[in-house]
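**Student:**
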Amino acid sequence: MTGARGRRRNASWAEWNEVMPLVHASYHGYGSADLHTSLRIWYESAFGVFCPVSFGSLRAAMRTCAIVNPVAGGGRARRVWPRLLSRLLEVTTSLSVHWTMGPGTATALTRDALKGGMERIVAVGGDGTLHEVVNGFFENRTPVAPSAVLAFVPCGSGSDFRRTLGAPTGVEAVRQLKSDRIQPLDVLRVRYTTERGRPAHRYAVNVASAGVSGTVVRHFSPSILPIPPRLRYLGATLRALATDRPVPVRLTLDDASLPPTRVRLVAVANGRTFAAGLPIAPTATPHDGVFDVTVLHDVPVPTLLRHAHRFYLGTHPSLDGVSTHRGRQLTIEPLDDRRPVWVEADGEALGTLPMTVELVPRALRVQS
Numbered sequence: 097m098t099g100a101r102g103r104r105r106n107a108s109w110a111e112w113n114e115v116m117p118l119v120h121a122s123y124h125g126y127g128s129a130d131l132h133t134s135l136r137i138w139y140e141s142a143f144g145v146f147c148p149v150s151f152g153s154l155r156a157a158m159r160t161c162a163i164v165n166p167v168a169g170g171g172r173a174r175r176v177w178p179r180l181l182s183r184l185l186e187v188t189t190s191l192s193v194h195w196t197m198g199p200g201t202a203t204a205l206t207r208d209a210l211k212g213g214m215e216r217i218v219a220v221g222g223d224g225t226l227h228e229v230v231n232g233f234f235e236n237r238t239p240v241a242p243s244a245v246l247a248f249v250p251c252g253s254g255s256d257f258r259r260t261l262g263a264p265t266g267v268e269a270v271r272q273l274k275s276d277r278i279q280p281l282d283v284l285r286v287r288y289t290t291e292r293g294r295p296a297h298r299y300a301v302n303v304a305s306a307g308v309s310g311t312v313v314r315h316f317s318p319s320i321l322p323i324p325p326r327l328r329y330l331g332a333t334l335r336a337l338a339t340d341r342p343v344p345v346r347l348t349l350d351d352a353s354l355p356p357t358r359v360r361l362v363a364v365a366n367g368r369t370f371a372a373g374l375p376i377a378p379t380a381t382p383h384d385g386v387f388d389v390t391v392l393h394d395v396p397v398p399t400l401l402r403h404a405h406r407f408y409l410g411t412h413p414s415l416d417g418v419s420t421h422r423g424r425q426l427t428i429e430p431l432d433d434r435r436p437v438w439v440e441a442d443g444e445a446l447g448t449l450p451m452t453v454e455l456v457p458r459a460l461r462v463q464s
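If you read the sequence shown in the numbering used here, its first letter stands for residue 97, the second for the next number, and so on.
(1) Pull up the distance between the alpha-carbon of D340 and that of C161, whole angstroms please.
(2) Let me know the secondary structure DSSP gives D388 once reduced to three states.
(3) In angstroms, rounded to a whole number, what distance separates the CA positions of A377 and V193?
(4) Run through the stretch 233–283 for me and flag every whole beta strand (DSSP E) of 3 or more residues, listed as ranges in chain order.
(5) Take Y408 and list the residues in its own chain whose beta-carbon comes closer than 7 Å to its own, dropping the five residues that flank it on each side.
(6) Going by C-alpha distance, which of P344, A304, L426, L392 is nearest A352?
(7) Counting along the chain, where does the alpha helix (DSSP H) carrying S190 start and finish?
(8) Please state whether the Cβ-Cβ distance between R461 and L226 is less than 8 Å.
(9) Let me know the alpha helix (DSSP H) ranges lying completely inside the stretch 277–316, each 4 residues or longer, listed in chain order.
(10) Using the rule of at least 16 other Cβ atoms within 10 Å of the residue's Cβ for burial, across every protein chain shown, is H405 buried or exposed?
(11) Where S182 and R424 are concerned, what is the direct C-alpha to C-alpha distance, given to the nearest angstrom?
(12) Enumerate in chain order the residues of its own chain whose CB-to-CB distance from V240 is below 7 Å, with the five nearest sequence positions on each side excluded.
(13) Roughly how many angstroms lie between the CA atoms of C147 and P178, to the nearest whole one?
(14) Buried or exposed for F151, please, with buried defined as at least 16 other CB atoms from any protein chain shown within 10 angstroms of its CB.
(15) Give me the residue from Y329, A168, D432, R287 with the minimum Cα distance to V439.
(16) Within the same chain, show all residues whose beta-carbon is closer than 6 Å to that of E228, passing over the 5 residues directly before and after it, in chain order.
(17) Determine the direct distance from the alpha carbon of P199 to that of E111, and round the result to whole angstroms.
(18) Please determine whether the Cβ atom of R292 lies at a distance below 7 Å from any heavy atom of the ligand FAD.
(19) Taking A459 as the reference, give the member of R368, P436, P280 with the closest Cα.
(20) Does the beta-carbon distance from T448 to T289 come in below 8 Å?
(21) Can you tell me whether N236 is buried or exposed? The criterion is at least 16 other CB atoms within 10 Å of its CB, across all chains shown.
(22) Just the C-alpha distance for S253 and G222, rounded to the nearest angstrom, thanks.
(23) Does DSSP put T357 in a helix, a strand or coil?
Now the structure itself:
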């Protein structure tokens, strides 16, 4: 169709968002060219605009559900979604799309989709979106659909787990869905204490940590200024170091109790980086059956500032006051209950110590 001046224009986001539910209902489960052509004609007739989606030939038969966080990356996911959708329609014959509406939504949507027979879940967003989607793969500590596949289209600001996988972002990530390469992925089962003192658990794919990192995540908030995520995390970490004091803890690794120590940070890593690219565990691999542990002991702040570049280079494990371990289960118990020690996982604030992290080997099937 033509616009007021006889020329086609691209659909606005509001127009595209309005029509999406109808399009989803129309093409779900179909792959014929006739249907795709009909949808394009109907869309352009209804809105008088150029349809931003190519309903072309579709390849994969896997029933796919995309979980999209539109605010990921400061709204980047929403802006690139029409292009991503166009590519998704080229790699699947059956696509259902759901948008998250707030914290926890992605977990519920994923779980419902898997129970409804979806064979592949595509998480579109940042590490927080991926974290919630991964938790949707489990219920009552058991897999909802053991044969289901997870795929990740990174659109967030940090996207730390993407760095470990070496995965591309945006449209390039969607193109990888054409691949038959599916690999097993270890996950972390994190048991912690809520702020109300109740036991709880969560799954994580990247890093679970306690101490200064937990404080940073708890107080971290998006910036309206165009400040790179790494600088924002660095600033938040410096503020936390100025107020947090090292805390006495007892670490139990694979049933072996380590000597009590005072720590600023304990990170249990399935992936290599956190805090927008800091390689806290440079040798971690998410499919080797063990996790890496990095412990930052009672190191004076001036010493940390002097060696801050070592943490970003990944050479910090050789520093005095830093110890590393490997294992399958770690318990962190506070030896001073007078103030809480905050816990985070995949950049999401959880609660406080005590915390137990257990590795669940080959718990997910990931397409990459």
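Beta carbons are placed, not taken as given, at the ideal position from N, Cα and C, and that holds for glycine.
**Tutor:** Considering the structure as presented:
(1) Within the sequence shown, residue 340 is the residue found at index 244, counting from 1. Within the sequence shown, residue 161 is the residue found at index 65, counting from 1. CA-CA distance, D340 to C161, rounds to 42 Å.
(2) As a working note, residue 388 is residue 292 in the sequence shown. Three-state result, D388: strand.
(3) Locating residue 377 in the sequence shown gives position 281, counting from the first residue. Locating residue 193 in the sequence shown gives position 97, counting from the first residue. Rounded to the nearest angstrom, the two C-alpha atoms are 35 Å apart.
(4) 245–250
(5) Taking the first residue of the sequence shown as 1, we reach residue 408 at position 312. Correct list, in chain order: L374.
(6) For the purposes of this step, residue 352 is taken as the residue at position 256 of the sequence shown. Answer by Cα proximity: L426.
(7) Position 94 of the sequence shown holds residue 190. It is not in any alpha helix (DSSP H) - S190 instead sits in the beta strand (DSSP E) that spans 190–195.
(8) For the purposes of this step, residue 461 is taken as residue 365 along the sequence shown, with counting starting at 1. For the purposes of this step, residue 226 is taken as residue 130 along the sequence shown, with counting starting at 1. Result no, Cβ atoms of R461 and L226 do not sit closer than 8 Å.
(9) 308–315
(10) Position 309 of the sequence shown, counting from 1, holds the residue named residue 405. Exposed, because fewer than 16 other Cβ atoms sit within 10 Å of the Cβ of H405.
(11) Here residue 182 corresponds to residue number 86 of the sequence shown, with the count starting at 1. Here residue 424 corresponds to residue number 328 of the sequence shown, with the count starting at 1. Roughly 41 Å between the two C-alpha positions.
(12) Against the sequence shown, residue 240 aligns to sequence position 144. Result list for V240: R207, L210, K211, F233, F234, in chain order.
(13) Within the sequence shown, numbered from 1, the residue matching residue 147 stands at position 51. Within the sequence shown, numbered from 1, the residue matching residue 178 stands at position 82. Reliability of the predicted coordinates at C147 is poor, the pLDDT of 45 falling under 50, and the value obtained from them is presented with this limitation in mind. Roughly 10 Å separates the two Cα atoms.
(14) The count along the sequence shown starts at 1 and reaches residue 151 at position 55. Summary for F151: the model assigns pLDDT 39, below 50, so the residue's position carries little reliability, and this model does not support an answer.
(15) For the purposes of this step, residue 439 is taken as the residue at position 343 of the sequence shown. Measuring from the Cα of V439, the nearest candidate turns out to be R287.
(16) Indexing the sequence shown from 1 puts residue 228 at position 132. So the qualifying residues of the chain are A202, T203.
(17) Residue 111 sits at position 15 when you count from the first residue of the sequence shown. Residue 199 sits at position 103 when you count from the first residue of the sequence shown. Its pLDDT being 45, under 50, E111 is placed unreliably by the model, and nothing is read from it.
(18) Here there are no bound small molecules, and the ligand FAD is not part of this structure.
(19) Position 363 of the sequence shown, counting from 1, holds the residue named residue 459. The residue with the shortest Cα to Cα distance from A459 is P280.
(20) Residue numbering aside, residue 448 sits at position 352 when the sequence shown is read from its first letter. Residue numbering aside, residue 289 sits at position 193 when the sequence shown is read from its first letter. For T448 and T289, yes; Cβs fall inside 8 Å.
(21) For the purposes of this step, residue 236 is taken as residue 140 along the sequence shown, with counting starting at 1. With fewer than 16 Cβ atoms within 10 Å of its Cβ, N236 is classed as exposed.
(22) The residue you call residue 253 lines up with position 157 of the sequence shown. The residue you call residue 222 lines up with position 126 of the sequence shown. Looking at the two C-alpha atoms, the distance is approximately 7 Å.
(23) One-based indexing of the sequence shown puts residue 357 at position 261. Here T357 sits in strand by DSSP.
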